[in-house]
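Undergrad: Going by this note's numbering, the first residue of the sequence shown is number 43, and it counts up by one from there.
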Amino acid sequence: MAHPVPILMYHSVDWARDPRSRRWAVSPTLFAEHMRWLADHGYRPVTISTLRSACAAGSPLPPRTLAITFDDGLRDFLTEAVPVLERCGFPATLYVVTGYVGKTNLWSQRLGEQGRPMLNWTELRALPGFGVECGAHTHSHPQLDLLPPAEAFAEVRRSKHCLEDHLGRAVHAFAYPHGYASPTTRDLVRQAGFTSACRVRHALSSTDEDAFALSRIIMTNDIRVGDLGALLTGKNLPIAPSPDRLASIGWRLARKVCHSLRRWSERPIVTADCDRIIAKDRPETGGRS
43 MAHPVPILMY HSVDWARDPR SRRWAVSPTL FAEHMRWLAD HGYRPVTIST
93 LRSACAAGSP LPPRTLAITF DDGLRDFLTE AVPVLERCGF PATLYVVTGY
143 VGKTNLWSQR LGEQGRPMLN WTELRALPGF GVECGAHTHS HPQLDLLPPA
193 EAFAEVRRSK HCLEDHLGRA VHAFAYPHGY ASPTTRDLVR QAGFTSACRV
243 RHALSSTDED AFALSRIIMT NDIRVGDLGA LLTGKNLPIA PSPDRLASIG
293 WRLARKVCHS LRRWSERPIV TADCDRIIAK DRPETGGRS
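(1) Do you know offhand how far A253's Cα is from R266's?
(2) Once you ignore the five residues that flank A123 on each side, which residues in its own chain have a CB closer than 6 Å to its CB?
(3) Taking the beta strand (DSSP E) that P87 falls in, what are its first and last residues?
(4) Could you please give the first and the last residue of the uninterrupted alpha helix (DSSP H) stretch that includes M77?
(5) Looking only at its own chain, which residues have a Cβ that is under 8 Å from the Cβ of L279, when we skip the five neighbours before and after it?
(6) Measure the C-alpha to C-alpha separation of I90 and A215 and round it to an integer number of angstroms.
(7) Which same chain residues, not among the five before or five after V242, have their C-beta less than 7 Å away from its C-beta?
(8) Look at L166 and C176 and say whether their C-beta atoms are less than 9 Å apart.
(9) Pick out the complete alpha helix (DSSP H) segments inside the stretch 218–289, 4 residues or longer, and give them in chain order.
(10) Taking one C-beta from the stretch 221–232 and one from the stretch 187–205 each time, how about it: are there three or more such pairs within less than 8 Å?
(11) By how many angstroms is the C-alpha of A44 removed from the C-alpha of D207?
(12) For the beta strand (DSSP E) that contains V138, what are its first and last residues?
(13) If you compare alpha carbons, which of G276, C130 and L161 is closest to K145?
(14) Please state whether DSSP places S182 in a helix, a strand or coil.
(15) Pair every Cβ in the stretch 113–122 with every Cβ in the stretch 90–100, then say whether three or more of these pairs are closer than 8 Å.
(16) Any idea what DSSP makes of V126, helix, strand or coil?
(17) Pick from N263, G84 and C240: whose alpha carbon is nearest that of T135?
(18) Drop a sphere of 10 angstroms on the beta-carbon of A24, count the other beta-carbons inside from all chains shown, and report buried for 16 or more, exposed for fewer.
(19) Kindly indicate which residue of V47, T71 and P219 has the alpha-carbon position closest to the one of W57.
(20) Do A212 and H179 have their C-beta atoms closer together than 9 Å?
(21) Just the Cα atoms here: how many angstroms apart are E128 and T111?
(22) Starting from A109, trace the beta strand (DSSP E) both ways and give me its first and last residue.
(23) Determine the closest residue to V139 out of A234, G157, G171 and L205, with distance taken between C-alpha atoms.
(24) Classify A194 as helix, strand or coil using the three-state DSSP reduction.
(25) Could you say which of R158, P219 and K277 lies nearest to L188 if we only look at CA atoms?
(26) Give the DSSP-derived three-state secondary structure of A168 in the structure shown.
(27) Go through its chain and collect everything with a Cβ distance to Y85's Cβ below 6 Å, but skip five positions before and after it.
(28) Since S182 contacts G141 with CB under 8 Å, what's their CB separation in whole angstroms?
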(Lines of atoms letter the chains of each structure in order from A; the text may use other names.)
(Lines give C-alpha, C1' and ligand atoms only; values in the text may rest on other atoms or scores of the structure.)
Protein backbone atom coordinates (compact mmCIF):
# COMPACT_ATOMS: atom_id res chain seq x y z
CA MET A 43 0.00 0.00 0.00
CA ALA A 44 1.36 3.43 -0.96
CA HIS A 45 1.99 6.02 1.74
CA PRO A 46 2.56 9.77 1.33
CA VAL A 47 6.08 11.06 2.02
CA PRO A 48 6.99 14.75 2.33
CA ILE A 49 10.14 15.82 0.49
CA LEU A 50 11.05 19.40 1.39
CA MET A 51 12.80 21.59 -1.16
CA TYR A 52 14.91 24.53 -0.02
CA HIS A 53 17.25 26.71 -2.06
CA SER A 54 18.97 29.38 0.02
CA VAL A 55 19.20 29.82 3.80
CA ASP A 56 20.18 33.45 4.03
CA TRP A 57 19.01 36.94 4.92
CA ALA A 58 17.75 37.94 1.47
CA ARG A 59 18.18 41.62 0.82
CA ASP A 60 16.67 41.72 -2.64
CA PRO A 61 12.86 41.38 -2.82
CA ARG A 62 13.15 39.53 -6.15
CA SER A 63 14.82 36.56 -4.46
CA ARG A 64 13.43 36.86 -0.94
CA ARG A 65 10.78 34.18 -1.46
CA TRP A 66 13.44 31.56 -2.22
CA ALA A 67 15.78 32.54 0.62
CA VAL A 68 14.51 31.20 3.93
CA SER A 69 16.04 33.21 6.76
CA PRO A 70 18.45 31.34 9.09
CA THR A 71 16.10 32.02 12.00
CA LEU A 72 13.08 30.61 10.18
CA PHE A 73 15.04 27.60 8.93
CA ALA A 74 16.14 26.80 12.49
CA GLU A 75 12.50 27.07 13.61
CA HIS A 76 11.44 24.68 10.82
CA MET A 77 14.03 22.09 11.84
CA ARG A 78 13.29 22.43 15.56
CA TRP A 79 9.58 21.88 14.85
CA LEU A 80 10.37 18.72 12.89
CA ALA A 81 12.53 17.41 15.73
CA ASP A 82 9.92 18.26 18.38
CA HIS A 83 7.20 16.47 16.41
CA GLY A 84 9.12 13.26 15.86
CA TYR A 85 9.94 13.52 12.14
CA ARG A 86 12.71 11.25 10.86
CA PRO A 87 14.60 12.74 7.90
CA VAL A 88 16.52 10.47 5.52
CA THR A 89 18.50 11.14 2.36
CA ILE A 90 16.76 10.72 -0.98
CA SER A 91 18.81 7.64 -1.85
CA THR A 92 18.00 6.03 1.50
CA LEU A 93 14.32 6.78 0.94
CA ARG A 94 14.28 5.37 -2.58
CA SER A 95 16.24 2.25 -1.60
CA ALA A 96 13.66 1.48 1.07
CA CYS A 97 10.78 2.12 -1.34
CA ALA A 98 12.36 -0.04 -4.06
CA ALA A 99 12.84 -2.89 -1.61
CA GLY A 100 9.30 -2.57 -0.32
CA SER A 101 10.58 -1.94 3.19
CA PRO A 102 8.13 -0.22 5.54
CA LEU A 103 9.07 3.34 6.40
CA PRO A 104 9.02 4.49 10.02
CA PRO A 105 6.18 6.90 10.83
CA ARG A 106 6.91 10.54 9.96
CA THR A 107 9.71 9.77 7.54
CA LEU A 108 10.59 12.68 5.27
CA ALA A 109 13.48 14.00 3.19
CA ILE A 110 15.09 17.44 3.27
CA THR A 111 16.63 18.64 -0.01
CA PHE A 112 18.46 21.74 -1.19
CA ASP A 113 18.96 22.79 -4.81
CA ASP A 114 21.95 24.47 -6.50
CA GLY A 115 24.88 24.15 -4.06
CA LEU A 116 24.96 27.68 -2.65
CA ARG A 117 27.61 28.34 -0.02
CA ASP A 118 25.02 29.42 2.56
CA PHE A 119 24.01 25.75 2.76
CA LEU A 120 27.29 25.10 4.57
CA THR A 121 27.38 28.26 6.67
CA GLU A 122 23.72 28.50 7.68
CA ALA A 123 21.91 25.18 7.08
CA VAL A 124 24.49 22.53 8.01
CA PRO A 125 25.02 23.73 11.62
CA VAL A 126 21.27 23.54 12.23
CA LEU A 127 20.96 20.13 10.58
CA GLU A 128 23.90 18.85 12.61
CA ARG A 129 22.38 20.04 15.90
CA CYS A 130 19.15 18.24 15.07
CA GLY A 131 20.92 15.12 13.81
CA PHE A 132 19.22 15.47 10.42
CA PRO A 133 20.66 14.14 7.16
CA ALA A 134 19.86 15.99 3.93
CA THR A 135 20.42 15.83 0.17
CA LEU A 136 22.12 18.67 -1.72
CA TYR A 137 21.80 18.91 -5.51
CA VAL A 138 24.87 20.58 -7.01
CA VAL A 139 25.28 22.51 -10.29
CA THR A 140 28.78 21.30 -11.09
CA GLY A 141 29.73 24.01 -13.59
CA TYR A 142 29.45 26.68 -10.91
CA VAL A 143 31.34 24.99 -8.08
CA GLY A 144 33.64 27.58 -6.48
CA LYS A 145 32.07 30.41 -8.50
CA THR A 146 28.99 32.61 -8.29
CA ASN A 147 25.71 31.60 -9.87
CA LEU A 148 24.12 33.32 -12.85
CA TRP A 149 20.44 32.65 -12.21
CA SER A 150 20.44 35.10 -9.27
CA GLN A 151 21.83 37.73 -11.62
CA ARG A 152 18.94 37.10 -14.00
CA LEU A 153 16.65 38.15 -11.14
CA GLY A 154 18.55 41.42 -11.01
CA GLU A 155 20.65 40.75 -7.91
CA GLN A 156 24.33 39.95 -7.51
CA GLY A 157 25.46 36.39 -8.11
CA ARG A 158 25.50 34.23 -4.99
CA PRO A 159 28.66 32.35 -3.96
CA MET A 160 28.66 28.60 -4.51
CA LEU A 161 30.35 25.85 -2.54
CA ASN A 162 33.83 24.79 -3.67
CA TRP A 163 35.09 21.22 -4.07
CA THR A 164 36.88 21.15 -0.72
CA GLU A 165 33.67 22.16 1.03
CA LEU A 166 31.61 19.65 -0.94
CA ARG A 167 33.98 16.82 -0.05
CA ALA A 168 33.46 17.60 3.65
CA LEU A 169 29.65 17.37 3.51
CA PRO A 170 29.23 13.57 3.80
CA GLY A 171 30.79 13.89 7.25
CA PHE A 172 27.70 15.88 8.23
CA GLY A 173 25.28 13.30 6.83
CA VAL A 174 24.75 15.14 3.56
CA GLU A 175 24.24 13.25 0.31
CA CYS A 176 25.45 15.15 -2.77
CA GLY A 177 23.33 14.71 -5.89
CA ALA A 178 23.59 16.26 -9.34
CA HIS A 179 21.66 19.26 -10.68
CA THR A 180 23.22 19.36 -14.19
CA HIS A 181 26.40 21.17 -15.17
CA SER A 182 25.03 24.57 -16.25
CA HIS A 183 21.45 24.68 -14.87
CA PRO A 184 19.49 24.66 -18.17
CA GLN A 185 15.84 23.81 -18.74
CA LEU A 186 16.56 20.26 -19.80
CA ASP A 187 13.25 19.57 -21.53
CA LEU A 188 13.94 22.37 -24.03
CA LEU A 189 17.28 20.92 -25.15
CA PRO A 190 17.84 18.37 -27.90
CA PRO A 191 18.18 14.92 -26.27
CA ALA A 192 21.91 14.67 -26.98
CA GLU A 193 22.59 18.02 -25.29
CA ALA A 194 20.36 17.17 -22.33
CA PHE A 195 22.08 13.81 -21.86
CA ALA A 196 25.50 15.48 -21.98
CA GLU A 197 24.42 17.92 -19.24
CA VAL A 198 23.11 15.11 -17.05
CA ARG A 199 26.00 12.72 -17.53
CA ARG A 200 28.66 15.42 -17.18
CA SER A 201 27.31 16.53 -13.81
CA LYS A 202 27.32 12.94 -12.55
CA HIS A 203 30.85 12.19 -13.68
CA CYS A 204 32.14 15.53 -12.41
CA LEU A 205 30.74 14.94 -8.94
CA GLU A 206 31.96 11.37 -8.79
CA ASP A 207 35.46 12.34 -9.91
CA HIS A 208 35.79 15.11 -7.33
CA LEU A 209 34.01 13.43 -4.42
CA GLY A 210 35.39 9.95 -4.95
CA ARG A 211 32.03 8.23 -4.49
CA ALA A 212 29.05 7.13 -6.55
CA VAL A 213 26.30 9.69 -7.15
CA HIS A 214 22.76 8.31 -7.39
CA ALA A 215 20.42 11.29 -6.93
CA PHE A 216 19.44 13.95 -9.46
CA ALA A 217 17.16 17.01 -9.50
CA TYR A 218 15.84 18.75 -12.62
CA PRO A 219 16.73 22.45 -12.86
CA HIS A 220 13.58 24.54 -12.49
CA GLY A 221 11.74 21.23 -11.94
CA TYR A 222 11.21 20.80 -15.68
CA ALA A 223 11.31 17.30 -17.15
CA SER A 224 9.62 15.44 -19.98
CA PRO A 225 9.31 11.65 -20.44
CA THR A 226 12.41 11.83 -22.65
CA THR A 227 14.35 13.77 -20.02
CA ARG A 228 13.41 11.30 -17.31
CA ASP A 229 14.58 8.43 -19.48
CA LEU A 230 17.91 10.17 -20.14
CA VAL A 231 18.49 10.58 -16.40
CA ARG A 232 17.77 6.88 -15.91
CA GLN A 233 20.17 5.99 -18.73
CA ALA A 234 22.90 8.13 -17.13
CA GLY A 235 22.90 5.79 -14.14
CA PHE A 236 20.92 7.70 -11.52
CA THR A 237 18.42 5.87 -9.33
CA SER A 238 16.15 8.82 -8.56
CA ALA A 239 15.29 12.33 -9.73
CA CYS A 240 13.31 15.09 -8.05
CA ARG A 241 11.01 17.59 -9.73
CA VAL A 242 9.17 20.41 -7.90
CA ARG A 243 5.37 20.28 -8.20
CA HIS A 244 4.51 21.53 -4.63
CA ALA A 245 3.02 18.20 -3.61
CA LEU A 246 3.63 15.19 -1.41
CA SER A 247 5.60 12.30 -2.82
CA SER A 248 4.58 8.71 -2.08
CA THR A 249 6.25 5.35 -1.61
CA ASP A 250 5.16 4.20 -5.08
CA GLU A 251 5.76 7.43 -7.02
CA ASP A 252 7.91 7.23 -10.15
CA ALA A 253 11.48 7.35 -8.83
CA PHE A 254 12.40 9.79 -11.65
CA ALA A 255 9.54 12.22 -11.00
CA LEU A 256 9.57 12.68 -7.24
CA SER A 257 7.33 15.49 -6.00
CA ARG A 258 8.59 18.03 -3.50
CA ILE A 259 7.09 20.69 -1.25
CA ILE A 260 8.45 24.15 -2.05
CA MET A 261 9.76 25.72 1.17
CA THR A 262 9.72 29.51 0.98
CA ASN A 263 10.22 32.42 3.31
CA ASP A 264 6.47 32.85 3.84
CA ILE A 265 5.95 29.38 5.36
CA ARG A 266 5.72 29.90 9.09
CA VAL A 267 6.20 27.21 11.74
CA GLY A 268 2.46 27.16 12.35
CA ASP A 269 1.95 26.11 8.71
CA LEU A 270 4.09 22.98 8.87
CA GLY A 271 1.60 20.61 10.45
CA ALA A 272 -1.00 21.07 7.73
CA LEU A 273 1.65 21.15 5.01
CA LEU A 274 3.35 17.88 5.93
CA THR A 275 0.10 16.00 6.34
CA GLY A 276 -0.92 17.09 2.86
CA LYS A 277 -3.76 19.47 3.62
CA ASN A 278 -4.66 21.11 0.31
CA LEU A 279 -1.72 19.39 -1.40
CA PRO A 280 -1.96 16.65 -4.05
CA ILE A 281 -0.15 13.34 -3.54
CA ALA A 282 2.25 12.18 -6.27
CA PRO A 283 0.46 13.96 -9.14
CA SER A 284 1.14 12.81 -12.69
CA PRO A 285 4.17 14.57 -14.21
CA ASP A 286 2.52 14.55 -17.63
CA ARG A 287 -0.82 16.23 -17.04
CA LEU A 288 -2.33 18.17 -19.93
CA ALA A 289 -1.52 21.45 -18.19
CA SER A 290 2.15 20.44 -17.85
CA ILE A 291 2.35 19.38 -21.49
CA GLY A 292 0.76 22.65 -22.63
CA TRP A 293 3.13 24.70 -20.48
CA ARG A 294 6.11 22.77 -21.86
CA LEU A 295 4.97 23.48 -25.42
CA ALA A 296 4.54 27.18 -24.69
CA ARG A 297 8.03 27.35 -23.18
CA LYS A 298 9.51 25.58 -26.20
CA VAL A 299 7.91 28.09 -28.56
CA CYS A 300 9.21 31.03 -26.50
CA HIS A 301 12.64 29.41 -26.26
CA SER A 302 12.80 28.92 -30.04
CA LEU A 303 11.72 32.48 -30.74
CA ARG A 304 14.26 33.84 -28.30
CA ARG A 305 17.08 31.80 -29.82
CA TRP A 306 16.07 32.92 -33.31
CA SER A 307 15.95 36.58 -32.30
CA GLU A 308 19.42 36.30 -30.74
CA ARG A 309 20.86 34.41 -33.73
CA PRO A 310 23.77 36.31 -35.28
CA ILE A 311 23.48 37.09 -38.99
CA VAL A 312 26.77 35.91 -40.44
CA THR A 313 28.17 36.74 -43.86
CA ALA A 314 27.01 33.50 -45.43
CA ASP A 315 23.44 34.21 -44.33
CA CYS A 316 23.63 37.69 -45.84
CA ASP A 317 24.98 36.32 -49.11
CA ARG A 318 22.15 33.80 -49.34
CA ILE A 319 19.55 36.49 -48.67
CA ILE A 320 21.08 38.82 -51.29
CA ALA A 321 21.36 36.03 -53.87
CA LYS A 322 17.74 35.05 -53.32
CA ASP A 323 16.54 38.62 -53.93
CA ARG A 324 18.92 39.41 -56.83
CA PRO A 325 17.42 39.13 -60.37
CA GLU A 326 18.88 36.34 -62.50
CA THR A 327 21.45 37.74 -64.99
CA GLY A 328 22.09 34.62 -67.00
CA GLY A 329 25.84 34.85 -66.49
CA ARG A 330 28.66 35.93 -64.26
CA SER A 331 28.61 39.53 -63.22
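Glycine is no exception: its CB is placed at the ideal position from the N, C-alpha and C atoms.
The structure presented is a predicted model; accordingly, all values stated were derived computationally and were not measured.
TA: This is what the structure gives:
(1) Rounded to the nearest angstrom, the two C-alpha atoms are 29 Å apart.
(2) If we look at A123 and ignore the five residues flanking it on each side, its Cβ neighbours are V55.
(3) R86 to V88
(4) Here the alpha helix (DSSP H) through M77 covers P70 to D82.
(5) H244, A245, L246, I259 and L273
(6) 7 Å
(7) Correct list, in chain order: M51, G221, R258 and I260.
(8) yes
(9) Annotation note: the stretch 218–289 contains the following uninterrupted alpha helix (DSSP H) runs of length 4 or greater, listed N- to C-terminal: 225–233 and 270–274.
(10) Verdict: yes, contact present.
(11) Whole-angstrom Cα-Cα distance: 36 Å.
(12) A134 to V138
(13) L161
(14) coil
(15) no
(16) helix
(17) Comparing C-alpha distances from T135 to each of N263, G84 and C240 shows the shortest one belongs to C240.
(18) Any property of residue 24 remains undetermined from this structure, which presents the chain solely from 43 to 331.
(19) With distances taken between Cα atoms, W57 lies closest to T71.
(20) no
(21) 15 Å
(22) Looking at the DSSP string, the run of the beta strand (DSSP E) that includes A109 is T107 to D114.
(23) L205
(24) helix
(25) P219
(26) helix
(27) R106 and L108
(28) 5 Å
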